[in-house]
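>
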Amino acid sequence: MVVNKRILIVEDVEVNRCLLQEFLEFEGYTVCGIPDGLNFFQKIAEFSPQLILLDLRLPQIDGYELLQQLQQSPYRSIPVIIMSAHAFRQEKQKAFSLGARLYLTKPVALQDVTAAIESELAKLDASDTTNSLVH
1 MVVNKRILIV EDVEVNRCLL QEFLEFEGYT VCGIPDGLNF FQKIAEFSPQ
51 LILLDLRLPQ IDGYELLQQL QQSPYRSIPV IIMSAHAFRQ EKQKAFSLGA
101 RLYLTKPVAL QDVTAAIESE LAKLDASDTT NSLVH
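For the sequence shown, my numbering gives the first residue as 1, with consecutive numbering after it.
1) Just grab the DSSP bridge partners of Leu102 for me.
2) With the cut-off set at 7 Å, would you say Arg6 and Pro49 are in Cβ contact?
3) Helix or strand or just coil, what does DSSP make of Leu58?
4) Name the residue from Ala122, Arg17, Cys18, Leu98 whose alpha carbon lies nearest to the alpha carbon of Ser73.
5) Using alpha carbons as the reference points, say which of Ser77, Tyr75, Pro107, Gln93 lies closest to Ala85.
6) Under 7 Å, do Ile34 and Val10 count as touching if we go by C-beta distance?
7) Helix, strand or coil for Gly33 per DSSP?
8) Tell me the residue span of the alpha helix (DSSP H) that contains Arg89.
9) How big is the Cα-Cα spacing for Leu150 and Asp62?
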């Protein structure tokens, strides 16, 4: 069971964002969706997500720029899963070099999204447990 796990979705295509948000809420996550990166850091500060699902092709500020800014911010430890229709190796490598944890190529099965989320959140939980044992 998912307990109080917050996910921020940054996706400009409304139907994709709404479908993903509804599905993840049904799965028990608390979800916030935004259509672009203009208020990205404000939303992170307000919502405190444990994980971010990020599209790369966004209006105004693209996902690469957001990844780069995120890595230079106090929020750099939040895992980011890229969801993009662009499957070129160079794009994946660039996303990973900027701090993305996983890269899912659209169209993606919803079960694959939840598996990726659960995997990343399990790593966070394991890290939190290890840190609490050390301190």
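We put the CB at the ideal spot given by N, CA and C, even for glycine. A quick note: this is a predicted structure, and the numbers were derived from the prediction, not measured.
From the atom records:
1) Within the sequence shown, the letter at position 102 stands for residue 102. According to DSSP, Leu102 bridges with Ile81.
2) The residue you call residue 6 lines up with position 6 of the sequence shown. The residue you call residue 49 lines up with position 49 of the sequence shown. Yes, the Cβ-Cβ distance between Arg6 and Pro49 is below 7 Å.
3) Numbered from its first residue, the sequence shown carries residue 58 at position 58. DSSP places Leu58 in the coil class of the three-state scheme, outside both helix and strand.
4) Along the sequence shown, one-based indexing puts residue 73 at 73. Nearest of Ala122, Arg17, Cys18, Leu98 to Ser73, Cα basis: Leu98.
5) Here residue 85 refers to the residue found at position 85 of the sequence shown. Here the closest residue by C-alpha is Pro107.
6) In the sequence shown, the residue the question calls residue 34 occupies position 34. In the sequence shown, the residue the question calls residue 10 occupies position 10. Yes, they are a contact pair.
7) Along the sequence shown, read from residue 1 onward, the residue named residue 33 stands at position 33. In the structure shown, Gly33 adopts extended strand secondary structure according to DSSP, grouped into three states.
8) What you label residue 89 is simply residue 89 of the sequence shown in a count that begins at 1. 89 to 97 is the extent of the alpha helix (DSSP H) around Arg89.
9) Residue 150 is absent from the model: the chain starts at 1 and stops at 135.
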